[in-house]
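As structure tokens, the structure follows; a few thoughts come after it.
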Amino acid sequence: KPGAPRPPLTHVYHPCRRYDSISCYLSDDTPDTLNDIPCEVDEELLELLLARGMDSALAQHVAHIFVRDPLVIFEGNIEEVLDAAATDHWENLQSTNWNTMRWKPPPPSDPAKPCSPHIGWRTEFRSMEVQLSDFENAAWTVFIVLVTRVLLVFDLDLRIPLSFVDANMHRAHKRNAIAEQKFFFRNCFSPIGSSHCQSEVEEMTMEEIMKGKGDYFPGLVPMIYAYLEHINCDARSYQRIDMYLTLIVDRALGKTMTNAAWMRDFVRRHPDYKQDSVVGPTIAHDLMKACNDIGTATLQPKELFGSLAGRLNEVSAGQAYGSPLASEKVSADCRSELIRRIVTRAEGAGGRRRSNSSHIAAQERKSQYHHEMNGAAAAGLRDF
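Below, the structure written as structure tokens:
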């Protein structure tokens with residue numbers, strides 16, 4: 001409260017930074033084994049929220065947000081704010097915690113704007129960096145949206161212990177992480193703790209996460225194609241999405257450079273660079289000019305875009321089009337049939353084919369759930 005005595009700040013330490021990965025899962029069905037990292041909370045607020053009927057998972061999250069002071073306070077916007085009608089104080093704290101995911105309640109309705117669009121509950125995915133081109137930004141945005149649809153429609157659970165999430169973030173920050181690092185990922189889509197899953201988390205390369213591994217993990221990209229088949233995606237949207245997924249898979253395979261790798265390579269190859277870590281004005285100017293040209297699609301380096309180079313246009317609002325997305329869950333049989341079609345198509349195009357004997361062996365040693373997903377990893381993007 002304003003004017004209340006402040007406790008001394010000596011030895012105050014928060015294990016999780018404002019700019020960090022998440023500290024707890026919000027779902028009320030999250031096993032304790034997943035929330036396995038410290039999550040500091042405002043104990044007084046936590047007790048109040050629980051007493052007012054908020055579930056324990058959400059109460060923990062809100063109480064965690066309130067362990068920090070706001071970074072910015074505007075004059076005339078403190079005691080003057082009516083908490084019963086406005087969320088300014090909440091947003092002041094919420095918006096200065098930059099986690100990889102952000103849960104956002106609906107804003108209060110504004111009586112002065114009765115015709116303003118309705119804004120519902122939102123979840124922001126915030127871990128990715130802005131790319132040089134509109135095409136790359138669109139590719140990652142569409143990819144994330146489609147992954148959310150895959151999770152909902154196919155009823156998948158990809159949660160892993162948060163200690164593994166933190167480990168993945170540390171590995172991802174290393175140079176050339178795509179090619180040199182492995183990341184913890186769920187290798188089984190069955191519910192957590194299910195008897196179908198022998199070892200639920202393992203280390204995978206980025207290629208395996210995207211395209212699949214063995215006969216038990218189908219990969220995110222093949223699952224997206226199965227979803228597109230499920231919603232009968234129109235040809236125009238499918239063609240564009242296929243280009244987006246081509247870019248993403250080529251990056252995962254190391255066939256094309258990341259923006260950071262391309263910029264480092266540009267500096268190293270510049271005629272004025274003396275291999276002395278000094279980036280002079282001429283080099284900086286030429287790099288910024290090249291980045292701007294990539295942003296306007298007038299420069300499309302093959303090192304960045306691979307087979308897509310020369311085929312890209314600058315994205316504009318006038319090019320927007322819509323393709324209805326579905327979120328209703330499908331049955332296990334429907335999911336199995338969708339993946340079977342994708343695998344059959346990949347095999348017909350010369351994709352990897354598992355022998356009949358290995359297929360039978362897989363049936364014998366895997367659960368029925370794994371059998372439904374068998375072979376989906378063969379449906380790599382390069383086979384489409």
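The opening position of the sequence shown corresponds to residue 1 in full-length UniProt numbering, with each subsequent residue numbered one higher. Every residue gets a Cβ at the ideal spot worked out from N, C-alpha and C, and that includes glycine. These numbers were taken from a predicted model, which means no experiment stands behind them.
### Query
Excluding five sequence neighbours on each side, which residues of the same chain lie with their C-beta closer than 7 Å to the C-beta of T256?
Position 256 of the sequence shown, counting from 1, holds the residue named residue 256. Excluding residues within five positions, the ones whose Cβ falls inside 7 Å are D250, E303, L304, F305, G306.
### Query
Do D272 and T282 have their C-beta atoms within less than 9 Å of each other?
Within the sequence shown, numbered from 1, the residue matching residue 272 stands at position 272. Within the sequence shown, numbered from 1, the residue matching residue 282 stands at position 282. In contact: D272 and T282 (Cβ atoms closer than 9 Å).
### Query
Going along the chain, which residues of its own chain have a beta-carbon closer than 8 Å to the beta-carbon of G120, five neighbours each way excluded?
Here residue 120 corresponds to residue number 120 of the sequence shown, with the count starting at 1. Taken in chain order, the residues that qualify are P106.
#### Entry: Counterpart residues of W103 in DSSP-defined beta bridges
Here residue 103 refers to the residue found at position 103 of the sequence shown. Its beta-bridge partners are T123.
### Query
Tell me which same chain residues have a C-beta within less than 6 Å of the C-beta of F125, skipping the five on either side of it?
Position 125 of the sequence shown, counting from 1, holds the residue named residue 125. The answer, listed in chain order, is I144.
### Query
Going by C-alpha distance, which of E44, F217, Q60 is nearest C188?
As a working note, residue 188 is residue 188 in the sequence shown. That would be F217, whose Cα lies nearest to the Cα of C188.
### First through last residue of the alpha helix (DSSP H) which encompasses F266
Against the sequence shown, residue 266 aligns to sequence position 266. Note, F266: alpha helix (DSSP H), 259 to 269.
#### Entry: Straight-line Cα distance separating A252 from Q131
Along the sequence shown, read from residue 1 onward, the residue named residue 131 stands at position 131. Along the sequence shown, read from residue 1 onward, the residue named residue 252 stands at position 252. The alpha-carbon atoms of Q131 and A252 are separated by roughly 15 Å.
### Query
Roughly how many angstroms lie between the CA atoms of R17 and P38, to the nearest whole one?
Mapped onto the sequence shown, residue 17 falls at position 17. Mapped onto the sequence shown, residue 38 falls at position 38. Each residue's Cα considered, the two are about 12 Å apart.
### Message
Please report the straight-line C-alpha distance between H64 and P111, rounded to a whole angstrom.
### Response
Here residue 64 is taken as the residue at index 64 of the sequence shown, counted from 1. Here residue 111 is taken as the residue at index 111 of the sequence shown, counted from 1. Those two C-alpha atoms are separated by around 31 Å.
### Query
From R149 to Q275, what does the alpha carbon distance come to, in whole angstroms?
Translated into the one-based positions of the sequence shown, residue 149 becomes position 149. Translated into the one-based positions of the sequence shown, residue 275 becomes position 275. Spanning the two alpha carbons is a distance of roughly 47 Å.
### Message
Does the contact criterion of 3 or more C-beta pairs under 8 Å hold for the stretch 91 to 100 versus the stretch 54 to 70?
### Response
yes
### Message
Using only the alpha-carbon positions, how far apart do L49 and E200 sit?
### Response
Within the sequence shown, the letter at position 49 stands for residue 49. Within the sequence shown, the letter at position 200 stands for residue 200. Whole-angstrom Cα-Cα distance: 33 Å.
### Cα-Cα separation, E47 to E40
In the sequence shown, residue 47 corresponds to position 47, counting from 1. In the sequence shown, residue 40 corresponds to position 40, counting from 1. So the alpha carbons of these two residues sit roughly 14 Å apart.
### Query
What did DSSP end up calling M204 once you bin it into helix, strand or coil?
Against the sequence shown, residue 204 aligns to sequence position 204. DSSP places M204 in strand when its eight states are reduced to three.
### Query
Pick from L308, T258, P114: whose alpha carbon is nearest that of C291?
By one-based count along the sequence shown, residue 291 stands at place 291. Among L308, T258, P114, the Cα nearest to that of C291 is on T258.
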